[in-house]
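Student: Dropping a structure here in structure tokens format, bear with me for questions.
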Amino acid sequence: MRNNYWHVRLRYEAPLTTSDVEHIASTFGLTSLDIYTRALGSDTDRAYEARERESRITDDLIDRIAAHPEDYDVAANRDPNARLEAETPDE
4 MRNNYWHVRL
14 RYEAPLTTSD
24 VEHIASTFGL
34 TSLDIYTRAL
44 GSDTDRAYEA
54 RERESRITDD
64 LIDRIAAHPE
74 DYDVAANRDP
84 NARLEAETPD
94 E
């Protein structure tokens, strides 16, 4: 692209196209979603990062439980009186 093309856009004399955003993103090793998220402001950026963090935490927890399921056994599963207590009518 010609230098004038970018010069005009840097002076806000012409808008950036979606192709421009994709080109800029790839230059910096980002995605266009990264660019748009950062441009929309800190609230959106924080929300996006929070969703990513929650997803990583969930994945980590699933991996931990799968690796050692015996550590996450429910107490009622080991209760010798569980069947008897289940047959007791509620008052």
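No gaps in the numbering here: position 59 of the sequence shown is 62 in the working numbering, and each next residue is one more.
Beta carbons are placed, not taken as given, at the ideal position from N, Cα and C, and that holds for glycine.
1. Output needed for THR34: all residues of its chain with C-beta closer than 7 Å, excluding positions within five of it in sequence on either side, in chain order.
2. Work out the CA separation of ARG56 and ILE21 for me, nearest whole Å.
3. Quick check: what's the CA-CA separation for PRO82 versus ASP63?
4. How long is the line joining the alpha carbons of ARG49 and PRO92, rounded to whole angstroms?
Tutor: Taking the coordinates as given:
1. ALA28
2. According to the sequence as given, residue 21 is Thr; it is not Ile. Near 28 Å, if we compare the C-alpha coordinates of ARG56 and THR21.
3. Position check: residue 82 holds Asp in this sequence, whereas Pro was assumed. So the two alpha carbons sit approximately 29 Å from each other.
4. 50 Å
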